[in-house]
Every structure is written in C-alpha cells, then in structure tokens.
Amino acid sequence: MTLANIQKALAILVGAFVFYTAASGPFEGLIQRALFLALVSSLGFALYPLGAGSRWRPIGIAIDLALCALVLIACGYVVWNYDDIMTSLPWATTLDKALTVGLVLAVLELGRRTVGLIFPVLVMLGLGYALFGNLLPGALRHRGFDTAFVTETIFLGDLGIWGMLTGVAATVIAAFVLFGALLLHTGGGQAFMDLAMRLGGRQPGGAAKIATIASGLFGMISGSAVANVATTGNFTIPMMIRLGYPRPFAAAVEAVASTGGQIAPPIMGAAAFVMAEILGLPYTTIILGAIIPAILFYASVFVTVHFVALRRGLAVVPEDELPAWATIVSPRRVAPILCALGGLGIGIWLGRSIATAAFYGVIGLLIAFVATEAGRLSPRDMIGKIINGLEDAGKGMVIIGVLLAGAQVLVSMINLTGIGVTLSSLIVSMAGDSVPMVAFIVGFVCLIMGMGLPTTAAYVLVAAVLAPAMTAVGVDPLAAHLFVFYFATISVITPPVCVAVFVGAGIANTNWLPAAGHAVRLGAVTYLVPFLLLLFPGMLLQGGPVAIAEAILAGAVLVIAVPMLLTGSPLVGNRLIDTALLVAVIGLAVWPHPITPVLAFAVYFGARKLGQRHKEVLA
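Residues 32 to 650 in this note's numbering are what the sequence shown spells out, letter by letter.
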C-alpha cells in the first residue's frame with residue numbers, strides 16, 4: 032500500500048468518524064476526544080512525513096511510526112481507563128508520565144510540521160514555566176509543581192489535553208469542517224467563485240473585488256488565511272496580474288480578503304465556536320456580535336480597491352470571461368447551498384447542538400446534490416465527489432485538531448500557574464486602569480503573539496493571557512474577546528511576520544515588503560474596528576436601536592474616510608485641505624457621543640458637495 036493510499040484511507044476514516052458522531056451524538060467526553068486525537072494524529076504523520084524525499088527517510092519512517100504508536104497507546108490508555116480517570120482521580124504513575132511525555136511530544140512535533148516552530152516553542156515555554164517557574168524572581172514566580180501534578184493536569188482529567196478546546200475541535204469544529212468540505216466538493220466552491228466574478232467583475236477594480244468576495248466566502252470555511260491564499264490565490268492573483276494590476280497590490284488584495292474570512296460569520300474560521308465555549312455564550316450571540324465589524328471590514332476593502340482602481344485606471348474583467356446569471360442561479364448551483372444552509376438553520380432553530388445542526392446541513396446538502404445531479408452524473412461519480420469531500424474534511428481536521436490539542440496544553444499550564452492573571456495585573460497597573468491604554472497595550476501584544484500562528488490557535492493564546500486584562504478594567508467580555516481575536520487575526524497581514532502576505536507575494540512572484548504595505552492600507556479599518564467595539568456598544572448589536580444606528584453610522588463614515596485618506600483620493604480638490612477634513616471626519620466618527628457620528632457624516636458630505644461644485648465651476 033502506497034503512502035498516498037494510506038493518506039486517503041485515513042482521511043476518509045477521519046471524515047467518516049466525524050460524520051457518524053455528528054449523526055449519532057459524540058461518545059463520552061474523554062473517549063470522543065481521545066479517539067479524535069488518535070485519528071487526526073495518525074493522519075498527520077501520514078500527511079507530513081519526516082524526511083520526505085531525503086536519503087534519511089528510513090529514519091523518518093521509524094520516528095513517525097514510533098510517535099504514532101505513542102499517540103495510539105496514550106489515547107487507547109485513556110479510552111480503556113476512562114471510568115477510573117473520571118471517578119477515582121488517580122495519582123500519576125511512571126507509565127502515566129511516560130505516556131504524557133510521548134503524547135505531548137508527538138502533538139508538538141506535528142504542530143511543528145504543519146505550522147512551523149513558533150507554536151511548539153510557545154507550548155514548551157508554558158510547560159517549562161509550570162515546572163520551573165518557582166525558580167524565577169519577582170511577580171512571575173509561582174509556588175511550583177512537580178512532574179506528577181503536571182501529568183495529572185495534562186493527561187488524567189479533562190483540564191489538560193482532553194479539555195474544552197480539544198472537545199470543541201472533536202465535535203463542533205470537525206462537523207463544520209465536514210460541512211464546508213462537502214459543500215465545496217458538491218458544487219459550492221464553483222458557485223462561490225461564479226457569484227464573486229459576476230458581482231465584482233465589471234466594476235472598477237473588478238478582479239480585486241472578485242478576489243475579495245471569493246476569498247471571503249472560502250476563508251470563513253477554510254479556517255486558515257494562509258491556506259486560503261494558497262488555494263483561491265492561485266486563481267485570483269494571476270487574473271489580477273493579467274489585467275494589469277501591480278503584483279504587490281494583487282498579492283495584498285488576496286491576503287487581506289482571505290484574512291477577512293476569519294472574522295466573517297457564521298463560522299469565523301472556527302473561532303466562533305471556541306469563543307462561545309470560553310465565554311459560555313450561545314453561538315448565535317457570537318455571530319450576531321461579529322456581523323457589523325465583518326461588514327465594515329469588507330466594505331472598507333471594497334472602497335479602498337475602488338479608489339485605487341479609479342486612480343490607477345485598473346481594468347475590469349472582460350464580459351466574455353464572466354459566467355452568465357442563468358448559470359449562477361440555476362437550481363443545480365443554488366439548491367445544494369440553500370438546502371445546506373436551510374438544514375443548518377433548522378437544526379439551530381430546533382435547539383439541537385451545533386454539531387447536530389451541521390449534520391442536518393450535510394443531509395440537506397447531500398439530498399439536494401443527488402436530486403440535482405441525477406441524470407447528469409453517474410452514481411459512481413456522485414459517490415466519488417462525496418468521498419473526496421470526506422477525504423478533504425479529514426485532511427482539514429489535522430491542523431485544527433493538533434493545534435487545539437497543543438493549545439489546550441498551553442492553556443492548562445496558564446491556568447495552573449496563574450500567569451494569565453499575573454500578566455493582566457501587570458498590564459492594568461502599567462496602564463493605570465485606563466481602558467484606552469489597556470486596549471492599546473493589549474492590541475500591540477496581540478499583534479506580536481499572533482504572528483506566525485493560525486487564527487484559532489492565536490485567538491486561544493491571546494484570549495487566555497490578554498482578554499482578562501480588558502475585562503479587569505470593565506470591558507464587556509464579548510467585546511474583549513472580539514477585540515483580541517481581531518488583532519490576533521490581522522497579525523497575518525501585519526509586518527514583519529505577515530505570513531498571509533508572504534504566501535500571496537510568492538504566488539505573485541514579487542517582493543513581500545511592498546505587498547505588506549498595500550495589505551496594511553487595505554485592512555486599515557480592521558485596526559480601528561476593535562476600538563469601535565469598546566466605544567460603541569451598538570457594534571455588538573447591543574444597547575437598543577439608537578446605539579446600533581450610532582455604531583453603524585460611525586463605521587460607515589470610517590469605511591469611506593479612511594480609504595480616501597490612505598489612497599489620497601480628492602474630497603474638495605486641495606490635498607492639504609482634504610487631509611485635514613478627512614482627519615477631522617475620522618476623529619468625529621470615533622468620538623463616543625451620539626451626535627459626533629452625525630457631525631462626521633455631515634462634514635464629509637458637505638465637503639464632498641463642495642468639491643463637486645468646485646469641479647463644475649472649473650469645467
């Protein structure tokens with residue numbers, strides 16, 4: 032059996048496991064999580080073999096088999112001893128310690144292979160701090176924990192590696208990964224792309240707007256901005272370059288659009304589910320709170336692209352390259368998506384678990400797919416597409432499962448040592464209980480801590496360490512978590528470690544630095560949106576109609592004014608006056624008073640009207 036066949040078989044097995052547990056309900060907590068981690072880890076070692084293509088690959092095979100065996104033994108041990116672990120709170124034995132070391136090393140090694148060295152180093156630092164933090168001086172010193180206690184925390188209970196994050200990965204997130212993979216493989220992917228092309232193609236900057244729409248739709252499902260750039264970017268970036276777009280700009284558009292998918296409801300790159308579990312809030316509360324910020328983000332990207340396109344005369348997509356509306360809205364394209372979303376909505380409306388609701392969506396999707404493709408595709412071809420969807424879902428769960436298991440180890444050490452509370456106290460004391468100062472410090476640290484990490488892992492890290500600092504000064508918990516989430520997310524487009532930009536620049540065959548400059552400009556409003564969450568309760572759809580209207584108006588003004596300022600677009604026609612007016616408009620928009628967004632709106636449109644009359648006079 033070849034490695035490719037092993038990969039395919041394991042991926043289908045993982046997908047089938049998720050489908051079964053979504054349909055029938057998960058096993059007992061630790062059993063479900065142990066089985067899931069065993070499956071995704073086995074698949075991970077097959078997908079990311081050590082020493083592939085090198086002369087020392089035989090050594091890599093031996094290491095892979097050993098690590099895989101350790102994971103299977105450790106997970107099997109937990110499944111076999113589930114009752115004892117949950118009822119008797121056993122003391123850690125030498126065997127327990129050995130299995131813990133082996134399991135953690137295997138998970139971290141997979142993390143290194145999938146996302147790089149930063150993540151496992153962070154987890155190792157957390158473990159090192161738990162074991163040796165008692166030797167540190169000053170406020171960072173803790174009372175100390177021996178290896179037995181650390182083992183019991185990590186391995187023999189539901190606070191360590193089998194904790195909440197692994198549980199969410201093994202149930203809710205896995206079900207939605209399956210939902211997204213099957214949706215894309217049964218025609219949803221092409222439908223998204225066709226819709227994006229039709230909506231944006233004939234507008235100024237049409238190719239960039241196509242990238243924005245398509246990458247946003249794909250990005251909210253994929254869970255990784257970097258992975259999304261690597262997939263949709265292979266279509267959108269060459270298209271932009273072919274139409275005369277500067278290569279750095281093309282790379283930036285794709286990177287920013289893919290990043291935006293991570294903050295866009297309903298999935299938010301899986302972070303919505305994790306956030307709901309951490310905060311103890313309904314999933315619907317999270318996605319409702321994220322709607323307005325997501326709209327502002329994409330509106331600002333559209334507006335920025337529009338202004339840049341007008342100034343540079345960027346070409347639109349030729350009409351003959353765009354799909355016809357008749358094709359886009361045909362039952363074959365629309366029915367599977369509508370039935371998938373309908374099934375998901377019915378499940379949520381009936382009060383079922385999110386994983387079960389995702390299963391309802393999958394069933395609706397499959398029924399519509401079979402009904403619309405009957406007579407067009409043979410049963411063999413239809414089964415093949417479904418199998419391919421299961422396979423891709425299984426592969427997509429590897430990174431999520433491994434990263435959240437590793438993140439759970441880190442979070443358990445943070446909670447065990449109390450370092451999160453200590454750092455929060457230090458930030459608050461440094462900022463003098465000032466909400467703006469705490470917000471600036473936390474935002475800056477989030478950008479640094481999120482660099483090089485996938486969205487969900489970055490959010491978990493900053494939520495555990497930095498969100499408490501914001502709640503300590505009176506910030507609403509949901510606003511605090513969305514604040515750190517947004518800053519951790521946009522770290523992938525923020526220099527110097529802007530990994531999404533790196534990938535986009537690689538596809539565009541251009542230098543990453545100018546691409547990063549364009550990316551920061553395109554995503555500029557996203558750096559302001561987290562602060563709007565603190566200033567305007569209406570951003571979270573809280574506080575009543577007046578508060579919501581105030582938030583929307585302030586955001587709408589920023590969406591126009593910030594891109595105009597950064598692109599040098601004319602307002603009244605004098606660069607100095609334009610800059611002063613736009614700065615004043617932005618300042619009024621972010622001033623937390625019911626009348627100031629109205630004043631900002633009035634100043635902007637008054638200046639715009641004056642500029643238009645000035646042009647008419649000159650003409």
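All C-beta atoms in this analysis are idealised placements derived from N, C-alpha and C, irrespective of residue type, glycine included.
Nearest C-alpha to Ala-620 among Leu-596, Pro-499, Val-429 and Leu-589: Leu-589.
Leu-167 and Thr-448 have their C-alpha atoms spaced approximately 13 Å apart. In the same chain as Asn-265, and ignoring 5 residues on each side of it, the C-beta atoms closer than 7 Å to its own belong to Ile-538, in chain order. Counting only the Cα atoms, Val-347 lies some 43 Å from Pro-467.
Under the criterion of beta carbons closer than 8 Å, Phe-249 and Phe-223 qualify as touching, at roughly 6 Å. By the criterion of at least three beta-carbon pairs nearer than 8 Å, the region 549-564 is in contact with the region 280-289. Using a 10 angstroms sphere on the CB of Met-480, the tally of other CB atoms reaches 16 or more, which defines it as buried.
Between the region 481-494 and the region 512-528 there are three or more C-beta pairs closer than 8 Å, enough to call the two in contact.
Rounded to the nearest angstrom, the gap between the Cα atoms of Leu-214 and Pro-410 is 18 Å. The criterion of a C-beta distance shorter than 9 Å is not satisfied by Phe-76 and Thr-197.
When Cβ pairs closer than 8 Å are counted between the two stretches, the region 395-412 is seen not to touch the region 58-74, the count staying below three. Beyond the five residues adjoining it in sequence on each side, Val-469 comes within less than 7 Å, by CB distance, of Ile-458, Val-459, Ala-462, Ala-500, Met-501 and Val-504 in the same chain, given in chain order. The Cβ atoms of Leu-310 and Ile-318 do not sit closer than 9 Å to each other.
For secondary structure counted as the alpha helix (DSSP H) over 4 or more consecutive residues, the region 140-191 holds these complete runs in sequence order: 149-163 and 178-185. Per DSSP, His-624 lies in no alpha helix (DSSP H) segment and is marked neither H nor E.
Closest option to Ala-47, judged by alpha-carbon separation, among Gly-60, Gly-147, Val-154 and Phe-210: Phe-210.
With respect to the 9 Å criterion, Phe-50 and Leu-421 are classified as neighbours on the basis of their beta carbons.
Burial state of Trp-111 is exposed, judged by a 10 Å Cβ sphere holding fewer than 16 other Cβ atoms. Inter-residue distance for Arg-143 and Ser-465 is about 38 Å (C-alpha atoms, whole angstroms). Met-195 sits close to Glu-308, with the two beta carbons spaced by under 9 Å. A direct Cα-Cα distance of roughly 24 Å separates Leu-345 from Ala-261. With respect to the C-alpha of Ala-227, the residue from Gln-221, Ile-244 and Leu-103 having the closest C-alpha is Ile-244.
Taking every protein chain shown into account, the CB of Thr-33 has fewer than 16 other CB atoms within 10 angstroms, so this residue is exposed. Proximity of the region 577-592 to the region 323-336 meets the contact definition, three or more beta-carbon pairs being nearer than 8 Å. Approximately 33 Å separates the beta-carbon atoms of Ile-524 and Thr-358; this is outside 8 Å, ruling out the contact.
Of the candidates Tyr-314, Leu-327 and Arg-343, Tyr-314 places its Cα closest to the Cα of Trp-380. Leu-497 carries a coil assignment under DSSP once its states are collapsed to helix, strand and coil.
The Cβ atoms of Glu-581 and Phe-567 sit closer than 9 Å to each other.
Excluding five sequence positions before and after Gly-169, none of the CB atoms of its chain fall closer than 7 Å to its own CB. Restricting attention to Pro-594, Ala-129 and Pro-601, the CA atom closest to the CA of Cys-106 is found in Ala-129.
Secondary structure note for Glu-404: its alpha helix (DSSP H) is the uninterrupted segment 385-404. With fewer than 16 other CB atoms across the displayed protein chains lying within 10 angstroms of its CB, Asp-177 is exposed. In the three-state scheme derived from DSSP, where H, G and I count as helix and E and B as strand, Leu-630 is classed as helix. Looking only at Asp-351, Leu-158, Phe-471 and Leu-509, the smallest Cα-Cα distance to Ala-303 is reached by Leu-509.
Residue nearest to Leu-596 within the set Phe-400, Val-577 and Val-616 is Val-616 (criterion: CA-CA distance).
When the five nearest sequence neighbours on each side are left out, the beta carbons in the same chain lying within less than 6 Å of the beta carbon of Gln-439 are those of Ile-192, Gly-194, Leu-196 and Thr-197, in order along the chain.
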